[in-house]
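> Just so we're aligned: the sequence shown equals residues 10 to 458 in the working numbering. The beta carbon of each residue, even a glycine, is placed where N, CA and C say it ideally should be. This structure is a prediction, so every number in the text was calculated from the model and none was measured. Encoded as structure tokens, here's the structure I'll be asking about.
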Amino acid sequence: MTLSKNPSGSPAAAPKVSFVSLGCPKALVDSERIITRLRAEGYELSRQHQGSDLVIVNTCGFLDSAKAESLAAIGGALKENGKVIVTGCMGAEPESISSAYPDVLAITGPQQYESVVDAVHRALPPQHNPFLDLVPPEGIKLTPRHYAYLKISEGCNNRCTFCIIPKLRGDLVSRPAADVLREAEKLVAAGVKELLVISQDTSAYGLDLKYAASPWRGQEVRAKFIDLSRALGELGVWVRLHYVYPSPHVDEVIPLMAERKVLPYLDIPFQHAAPDVLKRMKRPAAQEKTLERIARWRELCPDLTLRSTFIVGFPGESEADFELLLQWLDEAALDRVGCFKYEPVRGAAANDSAPQVADEIKEERWHRFMQAQQKISTRRLKRKVGTRQQVIIDEVGPTVSKGRSMADAPEIDGAVYVASRRPLRVGEIATVKIERADEYDLHGSAVGF
Ligand code: SF4
């Protein structure tokens with residue numbers, strides 16, 4: 010336990026903070042930054058609200074269901090502890106929190122690390138002892154030690170009509186390439202084997218900086234998606250690209266994937282296929298060209314894994330629009346797909362763009378979509394039986410360990426269950442012969458280490 014000395018000279022228990030982190034990986038990175046700062050100042054982290062001196066709730070405000078979960082977490086923390094500071098996306102609408110819970114100590118918005126820390130200082134002053142309060146140079150990570158999220162920018166310049174992220178988080182603000190690369194280097198030095206690159210729109214990285222270059226390892230690296238990907242590829246670990254908006258220069262990164270500089274995995278939210286719906290979503294509309302592009306990507310990099318997300322029941326989506334989406338899905342043959350029923354998030358421009366689709370139709374379309382995609386995903390997985398895959402081990406079991414291939418991102422994709430004659434280690438990358446596939450996962454045996 011971290012101890013520091015009080016003014017009388019006797020050791021005093023470090024102030025204890027309990028932390029709730031809700032929402033997407035981007036929010037998780039915010040949480041990690043806040044925690045790193047607090048740990049550096051001598052605060053101790055606790056897993057329980059009871060017995061802590063204070064609770065911080067990092068909220069998600071993307072969908073109404075996420076807001077409800079955030080409010081419930083705040084209510085729970087107030088009940089169990091009483092001293093609560095709220096931050097994150099919901100903090101952008103403080104009245105929605107203070108009207109429900111007038112007793113919260115402070116409310117700060119997304120990425121306002123300084124304000125959260127100031128609020129903690131006011132409620133629970135730090136007892137800093139620089140000799141005892143050591144924090145590892147790579148910061149405190151909430152993810153397991155062998156993989157880490159790497160946030161390259163905040164905010165977004167797009168204006169998708171179903172999304173309130175730009176309102177909550179503002180326009181795109183990118184980190185200089187050298188900053189990102191130095192953080193990545195520290196993580197790798199600390200044992201991270203897989204970097205998960207995240208942002209709201211990864212392909213737009215650096216646009217706000219006019220792609221300005223910064224010095225790293227004796228070279229100038231431009232703040233550009235392709236240049237950053239290439240430089241990250243030099244670190245000798247898995248690099249996985251998330252949230253890549255389907256803009257034209259995505260094509261440039263595919264050769265890097267074919268060369269294995271970055272993982273042949275593209276998380277690219279297409280959202281829909283019907284031109285009318287895409288237009289009302291304010292997303293890139295030429296979906297036929299997208300099919301051509303996907304075919305070209307696969308020619309260049311045959312084992313490319315494509316993950317995407319879609320929205321069904323968007324205002325004005327007709328049965329014909331939806332059928333076009335199913336047909337497109339069949340041709341695109343994506344590997345991994347998430348599907349959401351449209352939720353009219355307060356403040357989203359799409360809400361009034363066309364009549365709402367009835368809930369039971371949304372539900373029915375969601376089931377049809379999932380059934381159609383299930384068959385495609387299962388078919389794509391089966392093609393891997395008999396192949397050899399590199400698998401990073403996440404959890405070790407007595408005879409079978411659980412890991413992920415290059416095609417599987419943590420938390421959102423499937424797993425590979427690996428039988429092995431010798432015990433595997435977490436974070437180790439093993440060569441696995443795939444023997445069987447079920448609906449979501451693969452099963453095989455380790456044949457090389
Ligand atoms: S790309 Fe669209 S959906 Fe994604 S954060 Fe930006 S506005 Fe929202």
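1) Quick one: Cα of Ala-213 to Cα of Gly-406, how far?
2) What's the call for Phe-140, buried or exposed, on a 16-neighbour Cβ count within 10 Å?
3) With DSSP as the reference, label Tyr-274 as helix, strand or coil.
4) For Lys-92, count the other beta carbons within 10 Å of its own beta carbon; 16 or more makes it buried, fewer makes it exposed. Which is it?
5) Counting only the same chain and skipping the five closest in sequence on each side, list residues whose C-beta sits under 6 Å from that of Ser-454.
6) Between which residues of its own chain and Glu-437 is the CB-CB distance below 8 Å, once the five residues before and five after are set aside?
7) Tell me whether Thr-68 sits in a helix, a strand or coil according to DSSP, three-state version.
8) Go through its chain and collect everything with a Cβ distance to Gly-18's Cβ below 8 Å, but skip five positions before and after it.
9) Could you pull out every unbroken beta strand (DSSP E) segment of at least 3 residues lying fully inside the segment 175-238, listed in chain order?
10) Take Glu-41 as the anchor and find which of Arg-374, Leu-151 and Ala-49 has the nearest alpha-carbon.
11) What are the complete alpha helix (DSSP H) segments, minimum 4 residues, inside the segment 327-357?
12) Could you check whether Arg-374 and Gly-322 sit closer than 8 Å to each other, using their CB atoms as the reference points?
13) Three-state secondary structure (DSSP) at Asp-403?
14) Between the C-alpha atoms of Val-26 and Gln-120, what's the straight-line distance to the nearest angstrom?
15) Quick test of the definition: if touching needs 3 or more C-beta pairs under 8 Å, does the segment 327-339 touch the segment 272-291?
16) I'd like to know if the segment 338-354 and the segment 152-166 are in contact, where contact means that at least 3 CB-CB pairs between them fall below 8 Å.
17) Apply the 10 Å Cβ neighbour rule to Ala-240 and answer buried if 16 or more other Cβ atoms are within range, or exposed otherwise.
18) Considering only the alpha carbon of each residue, which of Glu-444, Gly-164, Leu-272 and Phe-71 lies closest to Leu-315?
19) What's the gap between the Cα of Arg-269 and the Cα of Ala-363?
20) Using a Cβ-Cβ cutoff of less than 6 Å, which residues in the same chain neighbour Ser-30 once the five nearest sequence positions on both sides are dropped?
21) In angstroms, rounded to a whole number, what distance separates the CA positions of Ser-410 and Gly-118?
22) Give every residue of the same chain whose Cβ lies closer than 7 Å to the Cβ of Gly-164, excluding the five residues on either side of it in the sequence, and list them in chain order.
23) Could you name the residues whose beta carbon sits closer than 5 Å to any heavy atom belonging to the ligand SF4, keeping them in chain order?
24) Output the boundary residues of the alpha helix (DSSP H) element that contains Ile-173.
25) Assuming the contact rule is C-beta atoms closer than 8 Å, Lys-35 and Lys-160 should be a hit. Round their C-beta distance to whole Å, please.
Per the coordinate set shown:
1) 41 Å
2) The predicted model places Phe-140 with a pLDDT of 46, which falls under 50 and marks its position as unreliable; any figure quoted below should be read in that light. Under this definition Phe-140 is an exposed residue.
3) strand
4) buried
5) Ala-428 and Lys-442
6) Ile-401, Ile-402 and Phe-458
7) strand
8) In this prediction, Gly-18 has a pLDDT of 39, which is less than 50 and means its spatial position is unreliable; what the coordinates show is noted afterwards. Counting only Cβ-Cβ distances below 8 Å, and skipping sequence neighbours, we find nothing.
9) 203-207, 222-225 and 228-231
10) Leu-151
11) 328-341
12) yes
13) strand
14) 19 Å
15) yes
16) no
17) buried
18) Leu-272
19) 44 Å
20) Leu-37, Ser-40 and Asn-67
21) 40 Å
22) Pro-175, Arg-178, Gly-179, Asp-180, Leu-181, Val-182 and Gln-209
23) Cys-165, Asn-167, Cys-169, Cys-172, Ile-174, Gln-209 and Asp-210
24) That residue, Ile-173, is in no alpha helix (DSSP H); it is neither H nor E in DSSP.
25) 6 Å
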